[in-house]
Amino acid sequence: MTVQERLIGEEKIRRDLEDEGVTSSWLDTDEEWQKNISILQENDMSTKTATPKTRKPKANNFVLVLEQFLEKYNLTASSTPKQLSEHAPKLDALLPDWMARRCVKVALARGTDNRRLFSEERIEALLPDKRKGKLTIEERAKYCAKIGDAMDIFAHHLDLGPKNDYENEIVASGSRQSQFRVKLAEGGVSSEIINTYAKDPELIQESNKIQKK
Numbered sequence: 000m001t002v003q004e005r006l007i008g009e010e011k012i013r014r015d016l017e018d019e020g021v022t023s024s025w026l027d028t029d030e031e032w033q034k035n036i037s038i039l040q041e042n043d044m045s046t047k048t049a050t051p052k053t054r055k056p057k058a059n060n061f062v063l064v065l066e067q068f069l070e071k072y073n074l075t076a077s078s079t080p081k082q083l084s085e086h087a088p089k090l091d092a093l094l095p096d097w098m099a100r101r102c103v104k105v106a107l108a109r110g111t112d113n114r115r116l117f118s119e120e121r122i123e124a125l126l127p128d129k130r131k132g133k134l135t136i137e138e139r140a141k142y143c144a145k146i147g148d149a150m151d152i153f154a155h156h157l158d159l160g161p162k163n164d165y166e167n168e169i170v171a172s173g174s175r176q177s178q179f180r181v182k183l184a185e186g187g188v189s190s191e192i193i194n195t196y197a198k199d200p201e202l203i204q205e206s207n208k209i210q211k212k
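Below you can see the structure in the form of structure tokens.
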């Protein structure tokens, strides 16, 4: 898993918690994560640092529930999103609150010595994001400007990115991300933050190339 993928995964989990009315700190506190945060701070980027916390036994219990669930239904990181989604209601019934969902999402994203990590698409299939589709581009930008968190901006930027490799989707996603940058600027976000966390030069170039055909 790359640092970029990890940042995205942790940010999505944090936004899930905020949807439940919970203000959370960064979820990961190991050496790699702290190093990444330090680099961002040195570049004067707005981030939220983590406060190390002792893991509660309850969290480990839910991870155990997950592993038993995957084994029972023979689900792996190679299972298709469709196969995983068919079992989503069963897993959801075993998770009583947002804390349980968070623990399971983190466990899926990290993997273990005996199990490969699940991709973002497969985690979404097994534990659907309840916020999905609720925010417009303007609402996303207002939220990011208000929170002032560079990782929020980065996560929303990627959410607005291409869903497939079709040319019409590449052009459409380029337009979505462009609108997002405009709204961020209107909300007072600095151009440095926008260009670093909400701009994909390669996608812009590819989109422009397609439109010139």
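Residue numbers 0 to 212, in numbering that gives the first Met the number 0, belong to the letters of the sequence shown in order. We put the CB at the ideal spot given by N, CA and C, even for glycine. Being a predicted model, the structure only gives us computed values, none of them experimental.
L157: member of the alpha helix (DSSP H) spanning A149 to D158, first to last residue.
DSSP, reduced to helix, strand and coil, places L69 within a helical segment of the structure shown.
For V188, the closest C-alpha among the options E119, S118 and D148 is that of D148. For the 8 Å CB-CB criterion, Q176 and D199 form a contact. DSSP places L116 outside both helix and strand once states are collapsed to three, so it counts as coil. Boundaries of the alpha helix (DSSP H) around D91: P80 to L93. In this structure, the CA atom of Y142 is about 33 Å from the CA atom of T79. DSSP places K198 outside both helix and strand once states are collapsed to three, so it counts as coil.
For the pair L74 and V103, the CB atoms are not nearer than the 8 Å cut-off. Considering only I169, I193, R121 and A87, the residue with the shortest C-alpha distance to Q204 is I169. Proximity of the segment 60-72 to the segment 101-118 meets the contact definition, three or more beta-carbon pairs being nearer than 8 Å. CA-CA distance, A76 to R115, rounds to 6 Å.
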